[in-house]
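Using this note's numbering, the first residue of the sequence shown is number 1221, and each one after it goes up by one. Okay, so here's the structure we're looking at.
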Amino acid sequence: METKVAIIKDINTDIRFIEEAGKVIRNGGTVAFPTETVYGLGANALDDEAVKKIFIAKGRPQDNPLIIHVSTKEISGLVKDVPEVAQKIIDKFWPGPLTVILEKKDIIPNVTSANLNTIGIRMPNSEIALKLIELAERPIAAPSANISGRPSPTEVERCVEDLNGRVDYIIGGESSDIGVESTIVDCTVNPPLVLRPGGITLEMLKEINPEIELDKALKSKPNDDFKPKAPGMKYKHYAPNAHLKIIKGKNEKTIEIINEIVENYIEKGNDVAILTTNENLNKFNNGKVISLGSENDLKEIAKNLFEALRKCDDLGVQYILCQGFEENGVGLAIMNRLNKAAGYDILRSE
């Protein structure tokens, strides 16, 4: 397959590329495109044969449901009902990094929803993504635009790296602002449950409904029989090629342990990368040290996380050691992605 790559520098002067990509979607093809969270790989959500191409391109398990992207808050044509709490969430956070799970109508193929009677829907806060959906004249099913299991792409170059020759079209734009996938809220249960943390935090959601809680499945590694209701709940995700280990606890003790582990790895002939913060950048004796950002700006760390994991692979290291973060606010989303990427390999330094 020949993949066309087009870079959008100005949406008005480069609109022809989005028009071309919209036609690809209408004709049953696949298009990678930027959103504010990460880059997505899209196809016509209502065309089961088109959606199957997403799973093939990514090597994605068939029981991992997709999220439908729309360009309007009016979604009654896709779902059976929009409960009051879901409508409040939509009104508050759309367009934005927030997905709601609702009962789907039969118009949505089972392949899109992984044979569930529910579906995740969001309206991205990206001018290019919204224009693509509008010009495609179809809702677009889109997981992240990467080989399944790899760190999600926040730069167009990473989409090309993973998907060139696997998809019809790749649209490039600016780097993703949020850097982690959307928050997912299941609004088919009462009270609603957060199935995946993201840029819209639990604290922000509780301002809509104080009873909203985290799904208990987020607190432990799922077993093989677990049936995911939303993307990213079951399988190892976001993983670099190198083995990732998280060291979490008091800062000075964490640094001490990381230095000890690095020495041990290097003595055995391994290359090691360390993911840390600006504040700790000069506290490590060896290894390839990469800063995720300031410990006082978790949004910056979230934005840089996936690209940092990709850079570790560029360096060809065998091991990555990453300091842990407090699990509140956006820190919850950061640790969720790190836990998945590390296969829950966590060492507590306290």
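Glycine included, C-beta positions come from ideal geometry on N, C-alpha and C.
DSSP bridge partner residues for residue i (one or two, in chain order)
i, result
"S1364", "G1260"
"C1542", "I1466, L1495"
"F1253", "G1260"
"A1226", "I1391"
"S1511", "T1496"
"K1324", "V1299"
"R1568", "K1468"
"I1339", "L1322"
"V1414", "V1405, L1434"
Residue i versus residue j - alpha carbon distance
i, j, result
"V1331", "D1268", "6 Å"
"L1352", "I1398", "20 Å"
"E1476", "I1467", "10 Å"
"E1547", "I1478", "20 Å"
"I1554", "G1469", "15 Å"
"L1495", "V1405", "30 Å"
"G1242", "V1400", "25 Å"
"K1293", "A1306", "11 Å"
"L1318", "I1420", "6 Å"
"N1471", "A1522", "19 Å"
"I1566", "E1377", "30 Å"
"V1583", "V1380", "Any answer about residue 1583 is impossible in this case: the structure gives the chain only from 1221 up to 1570."
"E1222", "L1261", "16 Å"
"Y1389", "K1224", "5 Å"
"D1435", "P1285", "17 Å"
"C1542", "E1357", "43 Å"
"P1460", "L1558", "11 Å"
"E1423", "K1488", "45 Å"
"S1320", "E1480", "Reading the sequence as shown, one finds Val at residue 1320 and not Ser. Near 44 Å, if we compare the C-alpha coordinates of E1480 and V1320."
"K1571", "I1486", "Absent from the structure is residue 1571, since the part of the chain shown begins at 1221 and ends at 1570."
"R1370", "I1428", "34 Å"
"D1533", "F1526", "11 Å"
"P1303", "V1387", "36 Å"
Own chain partners of residue i with C-beta closer than 6 Å, once the 5 adjacent residues on each side are dropped
i, result
"I1432", "P1411, P1412, L1425, K1426"
"H1463", "Y1539"
"P1508", "According to the sequence as given, residue 1508 is Lys; it is not Pro. Contacts found: A1493, L1535."
"W1314", "K1293, M1343"
"I1231", "E1347"
"G1393", "I1228, P1254, I1348"
"N1345", "E1256, P1315, G1316"
"I1295", "I1341"
"S1364", "V1258, S1372"
"N1556", "P1417"
Counted within 10 angstroms of its Cβ, other Cβ atoms place residue i as buried (16 or more) or exposed
i, result
"N1247", "exposed"
"D1382", "buried"
"R1568", "exposed"
"P1430", "exposed"
"Y1458", "buried"
"Y1564", "exposed"
"I1341", "buried"
"D1311", "exposed"
"D1326", "exposed"
"N1506", "exposed"
"S1639", "Given that the chain is displayed from residue 1221 to residue 1570, the structure contains no residue 1639 and the question cannot be resolved."
"T1474", "buried"
"N1516", "exposed"
"I1309", "buried"
"S1440", "exposed"
Chain-order list of residues whose beta-carbon lies under 7 Å from that of residue i (same chain, five-residue window excluded)
i, result
"E1323", "V1299, K1300, D1301, N1337, T1338, T1408"
"I1367", "K1278, G1279, D1382"
"Q1282", "F1275, A1334"
"P1237", "The sequence given here has Phe at residue 1237, not Pro. Same-chain partners within the cutoff: A1226, I1228, I1391."
"S1511", "T1496, T1497, N1498, L1501"
"K1531", "I1510"
"V1290", "I1341, M1343, I1353, P1359"
"A1562", "L1464, K1465, I1466"
"A1528", "L1495, I1510, L1512"
"S1396", "P1254, T1255, E1256, T1257, V1258, Y1259, T1374"
"N1524", "G1399, L1512, G1513"
"D1234", "I1228"
"L1355", "I1238, E1239, G1242"
Residues near residue i in its chain [Cβ-Cβ closer than 8 Å; skip 5 each side]
i, result
"A1263", "I1245, G1248, G1249, T1250, V1251, A1270, V1271, K1273, I1274, I1360, A1361, A1362"
"I1328", "A1265, L1266, I1288, L1298, I1339"
"L1518", "F1545, G1549, V1550, G1551, I1554"
"G1385", "M1221, E1222, T1223"
"N1484", "none"
"E1240", "K1224, A1226, Y1389"
"V1482", "V1492, I1494, F1504, N1505, N1506, G1507, L1541"
"N1490", "V1537, Q1538, Y1539"
"L1520", "Leu is not the amino acid found at residue 1520; the sequence shown has Glu there. Closer than 8 Å at the Cβ level, and outside the excluded window around E1520, lie L1512, G1513, S1514."
Chain B within 9 Å of residue i, Cβ atoms only
i, result
"G1369", "Absent from the structure is chain B; it holds one protein chain and no more."
Note down, one range per segment and in chain order, each beta strand (DSSP E) of at least 3 residues found wholly within the stretch 1279-1313.
1287-1289
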